[in-house]
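Data first, discussion second: the structure below is written as structure tokens.
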Amino acid sequence: MLHIVNKSPFDKNSLESCLSCASDGSAVLLYEDGVYGAIKGSTYAEKLQSAMSNITVYALEPDVKARGIADKVIDGIKLVDYTGFVELTADNEVVNSWL
Amino acid sequence: MLHIVNKSPFDKNSLESCLSCASDGSAVLLYEDGVYGAIKGSTYAEKLQSAMSNITVYALEPDVKARGIADKVIDGIKLVDYTGFVELTADNEVVNSWL
Amino acid sequence: MKYTIQINEGPYTHQASDSAYNFTKAVLEKGYEVFRVFFYHDGVNNATRLTTPPQDDRNVVNRWSELAAAHDLDLVVCVAAAQRRGIADAEESQRNGKDADNLAPGFRISGLGQLIEGGIISDRLVVFGD
Amino acid sequence: MKYTIQINEGPYTHQASDSAYNFTKAVLEKGYEVFRVFFYHDGVNNATRLTTPPQDDRNVVNRWSELAAAHDLDLVVCVAAAQRRGIADAEESQRNGKDADNLAPGFRISGLGQLIEGGIISDRLVVFGD
Amino acid sequence: MSSVIKQFLYVNRKAPYGTVYALESLEVVLIGAAFEQDVRLMFMDDGVFQITKGQETTDIGMKNFSPTFGALGDYDVKYMYVCKQSLEERGLTVDDLMDLKWEDEDDDWAEKDSIILVDRAEIKSLMTDADVVLSF
Amino acid sequence: MSSVIKQFLYVNRKAPYGTVYALESLEVVLIGAAFEQDVRLMFMDDGVFQITKGQETTDIGMKNFSPTFGALGDYDVKYMYVCKQSLEERGLTVDDLMDLKWEDEDDDWAEKDSIILVDRAEIKSLMTDADVVLSF
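Residue numbers (the numbering used here), protein chains in the order written: chain A, 1 to 99; chain F, 100 to 198; chain Z, 199 to 328; chain D, 329 to 458; chain S, 459 to 594; chain X, 595 to 730.
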């Protein structure tokens, strides 16, 4: 299953809630303001990094670049473009939006 | 100063942020989904109750009643109607919306 | 006591317009003056006369038009925000080469300066939004 | 691979319509099929032809109309959500006793069943919103 | 098309009245019921507030749509999963929720509870089992 | 009206691009600058992301409006208060922000920093000092 998260974890509980419901082996894509969750050294980073032992985390590069945080992304988070976003939705049978 | 908060503290950081910026003696009005912060026994209640030693907290009764939580409001939170809301804005020189 | 009230969200989707309406009525009932109601961001969507809500629901747009008529309120819609979102009076519509307009009665389209002026002239500015 | 894409927010205010547009384009470029794009909640506001964004900004509405024309996309606007928010084609407008309509080319108004049908028939349903 | 039966999971995470998502989500569920799919509703995070009892909206001038949840059983919408942890965090128990029922025609029309409390592990399974997830 | 000078505090708490509030707030500041009021901007919570450097929006098809903050000095908007704690929580330092300046005509047009880091105590004073608070 692919979970997609478009909210900043500093502002809303969406990512927190998503991580608590994501089964082992599932994928999480951060996009729009959700990419702020990918910043290393933030108060949220440790929580995401610990989740990354069971799930794979992606971030949408166009949104990362728009927000000026391209050089701050946590190691191990995979950057994808819109084509990669589509491939993730094709590779996973269900897409769950955390709005 | 009157701070007005319309977001659930379980969903957004608005109330948290407001409480950290509200000077002693200021007033905080919870309205719309902000009234969920007024529920006693929640994981947020203790934080709000401890802030209530320095600030006065109000909740908009029409919004409290709409959400079915009228019998759950933390002791010491004053319920006001829209007229009371207007009076609070008249009694305080500046109104700060935490959106 | 003189108020300017700012509304940042459209009808139905957020409670902002409902809260602002109930607040504005209460201001008027207290005998205070409403200098201006300013519609910004998606708030401009409160000003379309094409709305047709379900029979058993409130009509958010008509309520504003009626309150404006009853109390001679100045309902101002931000022109820049309105252009982005497709709210236009006959004049704006013509200027932008459109074939229709949708502004509801009682509203007028003007610039952001009207909000700043509201902030300067009024004793209180109260913002409703998301 | 067949997609239905749901859009819950209007143009400019939230990035949802932009993200959905870029996603839809990428779906088409991959050679996959877009069965339907369904506009719900404030998403119906993407379908007004009265929008006039600033010259240096993207035109969110026209982009959808053009993509629909180029790829024969089915852009469906939920009728109930549209009525609440003042989006109407000529027929809807007449039926509701309105004097104007504002639906942009390439969009059609229909019921919520079209969303469910999209969920049943498509391999993937992807929701963009707030 | 009638032969395809998919499992639809409606995930409700938003409070009512502050925004319209809860109401318009319910409208999707009602329309969707006619398609004879396998429908499940989940309430988590602030979504649990949608089904609290005693909602009185007269003073905010909005329509109280919570009674409609009580009618979902008649539309063959039987399963409403409610996140236990979300209730607890909000100082709520199942007694604060409406008493939602459905009638089981295979069991002499016995009234059965629609609300099923679930923990995060069960939520994970529910999400994994779904064919389509509609989130509001 | 020209004799009234009020202190306007613009409180920016929202990130750019995900929503339009940051951009349309900036439009208010630009128009407001013509009214010769005492204007202060505050960036706190996700609002600090509005003024990060290196924003490149080409791939999302939206306009990069961050350079406009650099022009605010010319509109006599000199004071941009940034919440220290908000930066730290987000893994940012002042070096991640744009280098925003204004020219002091009373000091031989010397370039001065617009950004002033503040803690929560200073934010409390700034809010208390304001005559009008516009929050976005």
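All residues carry an ideal CB built from backbone N, CA and C; glycine is no exception.
Everything numeric in this text was worked out from a predicted model, so none of it was measured.
Within-8 Å CB hit, residue i to chain S
i, result
"D:A344", "no"
"D:G441", "yes"
"A:S97", "yes"
"D:Y368", "yes"
8 Å Cβ cutoff, residue i in contact with chain X
i, result
"F:M151", "no"
"F:V156", "no"
"A:K78", "no"
"Z:L271", "no"
"Z:A279", "yes"
"A:G25", "no"
Interface flag, residue i vs chain D, CB-CB below 8 Å
i, result
"S:E546", "no"
"S:V535", "no"
"X:V623", "no"
"S:V540", "no"
"Z:P303", "no"
Euclidean distance between Cα positions of residue i and residue j
i, j, result
"D:K353", "S:A529", "41 Å"
"S:D496", "S:K464", "6 Å"
"F:S196", "S:G519", "22 Å"
"Z:D297", "D:D417", "13 Å"
"D:R377", "F:E160", "41 Å"
"F:S125", "A:D81", "47 Å"
"D:P381", "Z:V242", "14 Å"
"Z:D255", "S:K521", "6 Å"
"Z:G317", "Z:V325", "11 Å"
"X:I709", "F:E192", "27 Å"
"D:T332", "D:R452", "6 Å"
"S:T516", "F:K164", "9 Å"
Selection from the options that minimises the alpha carbon distance to residue i
i, options, result
"X:V688", "X:V676, X:D632, X:G612, X:S619", "X:V676"
"X:S729", "X:A704, X:L624, X:F659, X:L635", "X:L635"
"S:F501", "S:D517, S:L488, S:D587, S:D577", "S:D577"
"Z:A266", "Z:K200, Z:K228, Z:V235", "Z:V235"
"A:G41", "X:V614, X:E683, X:A704", "X:E683"
"S:D567", "S:E482, S:V478, S:G531", "First, the amino acid is wrong: residue 567 of chain S is Trp here, not Asp. Here the closest residue by C-alpha is S:G531."
"F:T182", "Z:F221, Z:S217, Z:E207", "Z:F221"
"S:M538", "S:D517, S:E494, S:T516, S:V506", "S:V506"
"F:T142", "S:M585, S:Q543, S:K582", "S:Q543"
8 Å Cβ cut-off: residues of chain S touching residue i
i, result
"A:V86", "Neighbours of A:V86 on chain S: none; closest Cβ ~18 Å, over 8 Å."
Residues near residue i in its chain [Cβ-Cβ closer than 7 Å; skip 5 each side]
i, result
"A:E32", "N6, D63"
"X:E699", "none"
"Z:H212", "D328"
"X:G626", "F602, V633"
Within chain D, the residues that residue i reaches when beta carbons sit closer than 9 Å
i, result
"X:G655", "D346, Y349, N350, R386, R391"
Any C-beta of chain A under 8 Å from that of residue i
i, result
"F:N112", "yes"
"X:K695", "no"
Chain Z residues whose Cβ lies nearer than 8 Å to that of residue i
i, result
"F:Y130", "S217"
Contact set between residue i and chain X, taken where Cβ atoms lie within less than 7 Å
i, result
"F:C120", "R714, I717, K718, M721"
6 Å Cβ shell around residue i - same chain, five flanking residues per side excluded
i, result
"D:S345", "I335, P339, N374, V388"
"F:K177", "Y157"
"F:S204", "There is simply no residue 204 of chain F to check, as chain F begins at 100 and stops at 198 in what is shown."
"X:A616", "K608, P610, Q644"
Proximal chain F residues relative to residue i, where beta-carbon distance stays under 7 Å
i, result
"X:D639", "N112, S116"
"X:A724", "V193"
Within chain A, the residues that residue i reaches when beta carbons sit closer than 7 Å
i, result
"S:S483", "Simply none; closest approach about 11 Å."
"X:A609", "S8, D33, Y36"
Partner residues on chain S for residue i, Cβ-Cβ distance less than 7 Å
i, result
"F:I138", "R548, G549"
"Z:T211", "T477, V478"
Chain-ordered neighbours of residue i on chain D, where CB pairs are closer than 8 Å
i, result
"A:Y82", "N350, F351, K353, A354"
Residue i: CB within 7 Å of a non-hydrogen atom of the ligand SAM
i, result
"Z:L323", "In the structure shown, the ligand SAM is absent, as is every other ligand, since no ligand is present at all."
Neighbour flag for residue i against chain Z, beta carbons, 8 Å
i, result
"F:A189", "yes"
"S:T510", "no"
"D:R413", "yes"
Close Cβ partners of residue i (< 8 Å) along its chain, the five nearest in sequence each way excluded
i, result
"X:T646", "S660, L686, D690, L691, M692"
"D:G439", "C406, V407, A408"
"D:Y360", "M329, K330, Y331"
Neighbour list for residue i in chain F, Cβ cutoff strictly below 8 Å
i, result
"X:S729", "N195, S196, W197, L198"
Amino acids of chain X, ordered along the chain, whose beta-carbon sits closer than 9 Å to that of residue i
i, result
"Z:V325", "V727, L728, S729, F730"
Any chain F beta carbon closer than 8 Å to residue i
i, result
"Z:D328", "yes"
Proximity test, Cβ basis, 8 Å: residue i and chain C
i, result
"Z:G208", "The chain inventory of the structure shown lacks chain C, comprising the protein chains A, F, Z, D, S and X."
Under 8 Å from the C-beta of residue i: neighbouring residues of chain X
i, result
"A:I4", "Result: empty, since nearest Cβ-Cβ is about 14 Å, beyond 8 Å."
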